[in-house]
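The numbers in the sequence shown follow our numbering, run straight up by one, and end at 780. Just so it is clear, CB atoms sit at the ideal spot from N, CA and C, and this is done for glycine as well. These notes are about the structure you will find just below.
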Amino acid sequence: MNRKSQARQSGVGTARFAAKETITPVAVAALDDRSRYFSREISWLAFNRRVLEEAQDPAKPLLERTKFLAIVSSNLDEFVMVRLAEVHALAHRRGFGGQELPETANAPHLLEEIRGEIGRLVAEQYRCWREDLAPRLAQEGCAIIPPEQWGAVDRESLQAHFRNQLEPILTPLGVDPTKPFPMVANRGLTVAVRLESLDPSATVGERKALVAVPAGNRLVTLIERPGQLALVEDIVGAFVDRLFPGYRITGRCLFRITRDGALDIDESQAEDLLSEIENELSNREHGQAVRLEIAANGDQALRAWLQQAVELDAADLYPVDGPLDLTVLFPLSDRLDRPDLREKPLVATLYPQEWSEPFTRIRQNDLLLHHPFQSYQRVVDLVERAAEDPRVLAIKQTLYRVSATSPIMRALMRAARAGKQVTLLIELKARFDEATNIRWARALEEAGAHVVYGLVGLKVHAKLLMIIRRDDNGIRRYCHIGTGNYNDKTARLYTDLSYLTANEAVGRDVAALFNMLTGYSQPPEWERLAAAPLTMRKRFVEWIRGEAAHARKDGGSGRIIAKFNSMVDQGLCEELYAASQAGVQIDLIVRGMCILRPGVPGLSENIRVRSIVGRLLEHSRIYYFANAGDPVIGIASADWMSRNLDRRVECFVRIDDEALRRRLMTILDCCLADNVQAREMGADGTYQRLCPAKDSTRRSSFDDLLSEGAAVERPLEDDDGRAPRFTPRRKGD
48 MNRKSQARQS
58 GVGTARFAAK
68 ETITPVAVAA
78 LDDRSRYFSR
88 EISWLAFNRR
98 VLEEAQDPAK
108 PLLERTKFLA
118 IVSSNLDEFV
128 MVRLAEVHAL
138 AHRRGFGGQE
148 LPETANAPHL
158 LEEIRGEIGR
168 LVAEQYRCWR
178 EDLAPRLAQE
188 GCAIIPPEQW
198 GAVDRESLQA
208 HFRNQLEPIL
218 TPLGVDPTKP
228 FPMVANRGLT
238 VAVRLESLDP
248 SATVGERKAL
258 VAVPAGNRLV
268 TLIERPGQLA
278 LVEDIVGAFV
288 DRLFPGYRIT
298 GRCLFRITRD
308 GALDIDESQA
318 EDLLSEIENE
328 LSNREHGQAV
338 RLEIAANGDQ
348 ALRAWLQQAV
358 ELDAADLYPV
368 DGPLDLTVLF
378 PLSDRLDRPD
388 LREKPLVATL
398 YPQEWSEPFT
408 RIRQNDLLLH
418 HPFQSYQRVV
428 DLVERAAEDP
438 RVLAIKQTLY
448 RVSATSPIMR
458 ALMRAARAGK
468 QVTLLIELKA
478 RFDEATNIRW
488 ARALEEAGAH
498 VVYGLVGLKV
508 HAKLLMIIRR
518 DDNGIRRYCH
528 IGTGNYNDKT
538 ARLYTDLSYL
548 TANEAVGRDV
558 AALFNMLTGY
568 SQPPEWERLA
578 AAPLTMRKRF
588 VEWIRGEAAH
598 ARKDGGSGRI
608 IAKFNSMVDQ
618 GLCEELYAAS
628 QAGVQIDLIV
638 RGMCILRPGV
648 PGLSENIRVR
658 SIVGRLLEHS
668 RIYYFANAGD
678 PVIGIASADW
688 MSRNLDRRVE
698 CFVRIDDEAL
708 RRRLMTILDC
718 CLADNVQARE
728 MGADGTYQRL
738 CPAKDSTRRS
748 SFDDLLSEGA
758 AVERPLEDDD
768 GRAPRFTPRR
778 KGD
């Protein structure tokens, strides 16, 4: 199959993913009704403020705090490229042919609100750097030295570095009527200069020019000063006059532009989706500017000129008193060989301990792995074993984000070369991972795998792996269903769950979903799965309404606990409000955005929202509904977001194994008991860190779950040898 036919195949079956089952929706208020919903954008910035609080926490090791400060910048870059860019476009009505859209009515006010919050966040971030972290790092022998503090020896050595390492690759770009303002790369650092001719007879007045700072390593060690560093952009700025002989520099200004990161692709018209996305990736570097960061000590005239040149409002200009782009703190913190300034390494448990015959182990009973407390290497091992096992006939897998050196992808290539039927659905539209996915798609095609690029109009976000093996008693399906990506790198940093099973009902469901993704197939009557956009929303609504009915009937026995990343779906917010008013006790553990207002009398007084931000990125999705003593509990790839439920292919799997249900409840209980890293959301949208009450026990979900992960091999049994049924925690217990 050639690439164009595969791109067309990516569109087949799309109509079959239209929701077949309808529900009567509850009425929703206007999205900007602040009595019921918070702004998703402001809520996201509140999450990044919680990350900043980790950098400000003096109880944390210094280098961990430094990394958190870098994460704030990395997060904010993505927010600006995605969310701010969208609001910016709505407010300025770009790309809509001048037509008035419903979303544009509030966009100017929202844009102003976002700009103000970003300004406050960045000011606090850099204050943390200047007044706290930078001085503490200097005390430990690591410092970024600004040009005004360079000594004579420093200047001499740095000038030599400029002459030998930088000057040969720098290109001065003049700007005048014959040389228009160039397209400056997205998130790149650039030095702007004002120039005055040294020729007294020159008739041309002031000139302006730009010099792009080379990407890559920004840190240069000062000679004879171990641990003392200079920034490459400072070196370029200090010696940039060498690029303009015959001119005197009258002003300098370091700046950074952030652009709209959206890709403009009409999937329905694309004959070759891979090539279309590949071509569009280069345009991302030249999208509409939405933010201009300027060094606070930059030349005032250049600041005004740059703002005009990139066509931004004054409110889109952010003066920065410190290094532009604090992601430079990632490599800086890595330079220090100081274990005493870091958290102790997390030593993951190898579970199951016996894994020499993984298929035998999975046949014995279902398994639940909690990463990174339990090593992700077991999942990698499973795929590698499948690639080598002569009994394995076929492997099918969905892939959303994978690492650039993924051992899973290499194993799949070996499996294809060995003649196994390898079918992969690689989502080329995974934002900011498109290039990596394109490279792997091509490599896997060359190895002989069948590669499908996704579905037109839908992103495939489900985390599914199915291995078809000829066992002694016939062909059997082995399935892995996860909450996180098949990414060996992020699996060390994100909390996620892996469900491994040879259950026939699960196997039938997963096989049916793969058939829908790759061919012509109607959706089945699902036995253990709920799939978006087909049935997942309907199931969640049914389960929430079921709890409300039980609460009304039994006087408050309804119970919902859900752990996920974002709560931004209005329809489910309204369902939860109605359930709260019926007396259902609801706990939501939401790491990031949450538009729902908890604790409002008469609306949501029975809803509690908490967020856990700490050493690991909380990424697992767990859903629990008490169901009058017959609980529904499962894991999913989806958050409670409209995009997950309506515009993506997602998977929820109900967990029926009693021991695994107990484990999921233990995870939820640990999160609800956390009084170290957890913050509770108030009705006004602010978050308060929970602290142990006087004489109460300090409970960290990280510590508790690390211990839980190491203890799983010990059997959970009653005196009669049976796994006990779990009893969920009730609010207030």
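Classify residue i as buried or exposed, calling it buried when 16 or more other Cβ atoms lie within 10 Å of its own Cβ.
{"i": "residue 456", "result": "buried"}
{"i": "residue 419", "result": "buried"}
{"i": "residue 230", "result": "exposed"}
{"i": "residue 251", "result": "exposed"}
{"i": "residue 742", "result": "exposed"}
{"i": "residue 372", "result": "buried"}
{"i": "residue 144", "result": "Interpretation of residue 144 is limited by its pLDDT of 45, a score under 50 that renders its predicted location unreliable; the figure taken from the coordinates is listed afterwards. By the 10 Å Cβ count, residue 144 comes out exposed."}
{"i": "residue 617", "result": "buried"}
{"i": "residue 498", "result": "buried"}
{"i": "residue 659", "result": "buried"}
{"i": "residue 538", "result": "buried"}
{"i": "residue 532", "result": "buried"}
{"i": "residue 295", "result": "exposed"}
{"i": "residue 174", "result": "exposed"}
{"i": "residue 368", "result": "exposed"}
{"i": "residue 444", "result": "buried"}
{"i": "residue 178", "result": "exposed"}
{"i": "residue 200", "result": "exposed"}
{"i": "residue 666", "result": "buried"}
Given this structure, state the Cα-to-Cα distance separating residue i from residue j, to the nearest angstrom.
{"i": "residue 85", "j": "residue 590", "result": "25 Å"}
{"i": "residue 784", "j": "residue 536", "result": "With the chain covering 48 to 780 only, the question about residue 784 has no answer from this structure."}
{"i": "residue 387", "j": "residue 110", "result": "9 Å"}
{"i": "residue 403", "j": "residue 575", "result": "29 Å"}
{"i": "residue 362", "j": "residue 244", "result": "34 Å"}
{"i": "residue 674", "j": "residue 683", "result": "19 Å"}
{"i": "residue 189", "j": "residue 117", "result": "16 Å"}
{"i": "residue 272", "j": "residue 215", "result": "26 Å"}
{"i": "residue 565", "j": "residue 439", "result": "20 Å"}
{"i": "residue 579", "j": "residue 191", "result": "49 Å"}
{"i": "residue 407", "j": "residue 521", "result": "14 Å"}
{"i": "residue 392", "j": "residue 745", "result": "21 Å"}
{"i": "residue 526", "j": "residue 699", "result": "13 Å"}
{"i": "residue 278", "j": "residue 422", "result": "38 Å"}
{"i": "residue 218", "j": "residue 712", "result": "60 Å"}
{"i": "residue 274", "j": "residue 307", "result": "37 Å"}
{"i": "residue 268", "j": "residue 282", "result": "12 Å"}
{"i": "residue 346", "j": "residue 339", "result": "14 Å"}
{"i": "residue 751", "j": "residue 705", "result": "21 Å"}
{"i": "residue 198", "j": "residue 205", "result": "10 Å"}
{"i": "residue 227", "j": "residue 332", "result": "18 Å"}
{"i": "residue 356", "j": "residue 380", "result": "36 Å"}
{"i": "residue 661", "j": "residue 196", "result": "36 Å"}
Give me the DSSP bridge partner(s) of residue i.
{"i": "residue 510", "result": "529"}
{"i": "residue 658", "result": "726"}
{"i": "residue 441", "result": "468, 515"}
{"i": "residue 267", "result": "277"}
{"i": "residue 781", "result": "Examination of residue 781 is not possible in this model, given that the chain is present from 48 through 780 alone."}
{"i": "residue 632", "result": "606"}
{"i": "residue 453", "result": "Paired residue(s): none; residue 453 is not in a bridge."}
{"i": "residue 244", "result": "294"}
{"i": "residue 542", "result": "665"}
{"i": "residue 155", "result": "Note: residue 155 sits in no beta bridge, so no partner."}
{"i": "residue 304", "result": "339"}
{"i": "residue 221", "result": "256"}
Identify whether residue i lies in helix, strand or coil by the three-state DSSP scheme.
{"i": "residue 134", "result": "helix"}
{"i": "residue 424", "result": "helix"}
{"i": "residue 498", "result": "strand"}
{"i": "residue 558", "result": "helix"}
{"i": "residue 173", "result": "helix"}
{"i": "residue 374", "result": "helix"}
Counting contacts by CB-CB distance shorter than 8 Å, is residue i in contact with chain B?
{"i": "residue 553", "result": "Here there is only one protein chain, and chain B is not present."}
Is residue i close to the ligand SAH? I mean its beta-carbon at under 7 Å from any heavy atom of the ligand.
{"i": "residue 520", "result": "With respect to small molecules bound, the structure shown includes none, and the ligand SAH cannot be examined in it."}
- Runs of beta strand (DSSP E) lying entirely within the region 269-299, each at least 3 residues, in chain order: 275-278
- Query: In chain order, which beta strand (DSSP E) runs of at least 3 residues are fully inside the region 669-751?
  - Reply: 669-672, 679-683, 695-701, 725-728, 734-736
- Message: Quick check on the DSSP output: what are the complete alpha helix (DSSP H) runs of length 4 or more inside the region 561-616, in order along the chain?
- Response: 583-601
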